[in-house]
Structures are given as C-alpha cells and as structure tokens.
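Chemist:
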C-alpha cells in the first residue's frame, strides 16, 4: 500500500498549460524536497541507492506539493564508501541521463549521475515558467541548448530578462537565481565537478551570496543536429526536447569513438 499522491507527478505542473500557474516558492520547495530525498538515498541509507531515472514523471506530490521520489526500477545499490559503480547498460531517460552513463570518456558512473539528472529537472522547471521563450531560444540558435543559453544570460547579468513579468518581488528573484546556479552546478560534465546532494541541499537552503557562478557547460549542441531513432528516445515532456540536445551530442561523441577505433583496427 502506497501513500496517495493527489497532485500527481511534477511533469503535469511544468507542462505548457500549467507551468505559469506554479508560484516560484512552490517550485523552490519542490527542488529542496527532491534534493533532500536524494541526499537520503545517497548518504543516509545502510546501502547507497542510486536512482538512475530522476525526471519529472518520477517526482510525485502530495496535497501540499511535498515531493516524493518514485519508480526505483532502474536503481542500483552500492556501498557508501564506493564512489564508482559498474554499469553493463545505459539507464535512464534521454534528456536527463548523465554523460558518463553514455560514455566512459566522461568519467565513472556514480551517485553523481543522479545529481546531473536532478540539475536537468531543476533547469526544466525554470525554463517551463517561460516555455515559449525557452523553445524559441533553442530553435533560433542551433549552436546552443537551453543550459548554455541561460548560462550566457547569467554571466552577462541578464538572467532576469528571461522571466520578464514572472517575477513579483525580491524573494522571487532570489529563488530564480538560486535555482539557476544550483541547476548549472549539477549538470557539470565532469562528475567530480558536481556537488554531492548533501551540498546541493546546503546551496538551496543557504544564502544566494555564498553561491559562485559555475564553469561554463562543456556540452553544447553542434551545428548539425544528430538524428536519433524516435523509438529509442523517450521524450518525456514538451520541454525535454531542449534537454535532449545533450543526449544527442553525447551519442555523436560515442559514435565518433567507435569510428576511430574501427579505423585503428583497419590500419593495424
């Protein structure tokens, strides 16, 4: 028997019809709640639990919009002192999968893979507040995807221009900046550069002034979009098309590695 979640999953509230109706404080509380849940799974259980499929559909909310992480079908257990996990197959949903899950060249698979997925969810929640502008940004500039674009605005001090009339007061502005910074830290390409979930909780609950701007995301959408098989890519929301750009780019990197290795074998 499971607790009834009357508000359903998060993806319903960051859809085109519902995204603008969610208050920033509610979105912030959801971010904090999910971060605490992941911190518990990673650090406070007898064995570390890595979820491997953090996405809006797997975040359920009760009547008070308190989030609960669901669907542990892809989860793996590891010892708390083990940082790297062995993986026989790719796990997760396109658009939220960490780079190292696709290719070992990006580092070892660990609990930091959940951190990446969490960061993509946070950025999706932010972008969904102004989904039309976020989608236009991706379509108007094929060399960038949303995290790159919002990072550029952050560095140039124009981050609030994206949200226009969606900010009501200074508290909303603080929440937006805090969520953007945390989201960008969580999607760092190198797993070692991502904060653990315990640190993410501190970053969200601490002061905005204590947060530094993270390094620029290294993954960006190439000028020629890599086509993927629609049957293999699970698109999870109207906004996830933007976050899929990461997966497309990584898939191209992996394919390039295969081609290089094949050429080496022929020459030998």
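Numbering (UniProt numbering), first residue to last: 1 to 268. Think of the CB as a built atom: it goes at the ideal place given N, C-alpha and C, for glycine as much as any other residue.
Please state whether the Cβ-Cβ distance between residue 194 and residue 96 is less than 9 Å.
Modeler: Taking the first residue of the chain shown as 1, we reach residue 194 at position 194. Taking the first residue of the chain shown as 1, we reach residue 96 at position 96. The answer is no: Cβ separation not under 9 Å.
Chemist: With DSSP run on the structure shown, which of helix, strand or coil describes residue 223?
Modeler: Here residue 223 is taken as the residue at index 223 of the chain shown, counted from 1. Only weak support is given to the placement of residue 223: the predicted model assigns it a pLDDT of 32, under 50, and the question is left unresolved by the model.
Chemist: For the stretch 22-101, which segments carrying the alpha helix (DSSP H) assignment without a break, of at least 4 residues, lie completely within its bounds, in sequence order?
Modeler: Counting whole runs of 4 or more residues, the stretch 22-101 contains the alpha helix (DSSP H) stretches 24-43.
Chemist: Give the range of the alpha helix (DSSP H) segment to which residue 160 is assigned.
Modeler: Taking the chain shown and counting its residues from 1, one reaches residue 160 at position 160. From DSSP, residue 160 is part of no alpha helix (DSSP H); its letter is neither H nor E.
Chemist: Smallest Cα separation from residue 3: which of 10, 36 and 66?
Modeler: Mapped onto the chain shown, residue 3 falls at position 3. Here the closest residue by C-alpha is 66.
Chemist: Using a Cβ-Cβ cut-off of 8 Å (strictly less than) and excluding sequence neighbours within five positions of residue 31, which residues of its own chain qualify?
Modeler: Here residue 31 refers to the residue found at position 31 of the chain shown. The answer, listed in chain order, is 122, 125, 179, 182 and 204.
Chemist: Counting Cβ pairs, one atom from each stretch, are 3 or more of them under 8 Å apart for the stretch 98-111 and the stretch 163-177?
Modeler: Short answer: they don't touch.
Chemist: Does the distance from the C-beta atom of residue 74 to that of residue 10 stay below 9 Å?
Modeler: As a working note, residue 74 is residue 74 in the chain shown. As a working note, residue 10 is residue 10 in the chain shown. Cβ distance not < 9 Å, so residue 74 and residue 10 don't count as in contact.
Chemist: Return the residue from the list 53, 5 and 101 that minimises the CA-CA distance to residue 63.
Modeler: Walking along the chain shown from the start, residue 63 turns up at place 63. It is 5 whose Cα lies nearest to the Cα of residue 63.
Chemist: Looking at the structure shown, is residue 9 part of a helix, part of a strand, or coil, going by DSSP?
Modeler: Start at 1 with the first residue of the chain shown, and residue 9 comes out as number 9. Of the three classes helix, strand and coil, the one that applies to residue 9 here is strand, per DSSP.
Chemist: Hey, out of 156, 151, 186 and 129, whose CA is closest to residue 14's CA?
Modeler: One-based indexing of the chain shown puts residue 14 at position 14. The shortest Cα separation from residue 14 among 156, 151, 186 and 129 belongs to 129.
Chemist: Tell me which residues share the same chain as residue 72 and place their Cβ nearer than 8 Å to its Cβ, disregarding the 5 neighbours each side in the sequence.
Modeler: Counted from its first residue, the chain shown places residue 72 at position 72. Excluding sequence neighbours, residue 72 sits near 49 and 51.
Chemist: Does residue 176 have its Cβ less than 9 Å from a Cβ in chain B?
Modeler: This model lacks chain B altogether; it includes just one protein chain.
Chemist: What residue range does the alpha helix (DSSP H) around residue 107 cover?
Modeler: Here residue 107 is taken as the residue at index 107 of the chain shown, counted from 1. That residue, residue 107, is in no alpha helix (DSSP H); it is neither H nor E in DSSP.
Chemist: Can you check whether the CB of residue 197 is closer than 9 Å to the CB of residue 38?
Modeler: In the chain shown, residue 38 corresponds to position 38, counting from 1. In the chain shown, residue 197 corresponds to position 197, counting from 1. Taking 9 Å as the Cβ cut-off, residue 38 and residue 197 qualify as a contacting pair.
Chemist: Find the nearest neighbour of residue 172 within the set 7, 25, 94 and 165, judged by alpha-carbon distance.
Modeler: As a first step, residue 172 is located in the chain shown; it is residue number 172 there, counting from the start. If we check each option's Cα against that of residue 172, 25 comes out closest.
Chemist: Would you report the Cα separation of residue 23 and residue 161, rounded to the nearest angstrom?
Modeler: Position 23 of the chain shown, counted from the start, is the residue given in the question as residue 23. Position 161 of the chain shown, counted from the start, is the residue given in the question as residue 161. Spanning the two alpha carbons is a distance of roughly 18 Å.
Chemist: Measuring alpha carbon to alpha carbon, tell me which of 21, 98 and 28 ends up nearest residue 206.
Modeler: The sequence position of residue 206 within the chain shown is 206, counting from 1. Looking at the Cα atoms, 28 is the closest of the given residues.
Chemist: Using alpha carbons as the reference points, say which of 35, 80 and 208 lies closest to residue 45.
Modeler: Translated into positions along the chain shown, residue 45 becomes position 45. Closest by alpha carbon: 80.
Chemist: State the Cα-Cα distance for the pair residue 146 and residue 47, rounded to the nearest angstrom.
Modeler: Locating residue 146 in the chain shown gives position 146, where the first residue counts as 1. Locating residue 47 in the chain shown gives position 47, where the first residue counts as 1. Whole-angstrom Cα-Cα distance: 35 Å.
Chemist: Less than 8 Å between the CB atoms is what I'm expecting for residue 118 and residue 54, so what's the real figure, rounded?
Modeler: As a first step, residue 118 must be located in the chain shown, where it is residue number 118. As a first step, residue 54 must be located in the chain shown, where it is residue number 54. Their Cβ separation, rounded to whole angstroms, is 5 Å, which keeps residue 118 and residue 54 in contact under 8 Å.
Chemist: Going by DSSP in three states, residue 278 sits in which element: helix, strand or coil?
Modeler: Outside the displayed range of the chain (1 to 268) lies residue 278, so it cannot be described from this structure.
Chemist: Nearest-angstrom Cα distance between residue 7 and residue 70?
Modeler: Sequence index remark: in the chain shown, residue 7 carries index 7 (1-based). Sequence index remark: in the chain shown, residue 70 carries index 70 (1-based). Cα to Cα, the separation comes out at about 14 Å.
Chemist: With a threshold of 16 other CB atoms inside 10 Å of the CB of residue 154, please say whether the residue is buried or exposed.
Modeler: On the chain shown, position 154 is the one that residue 154 refers to. Buried is the call here.
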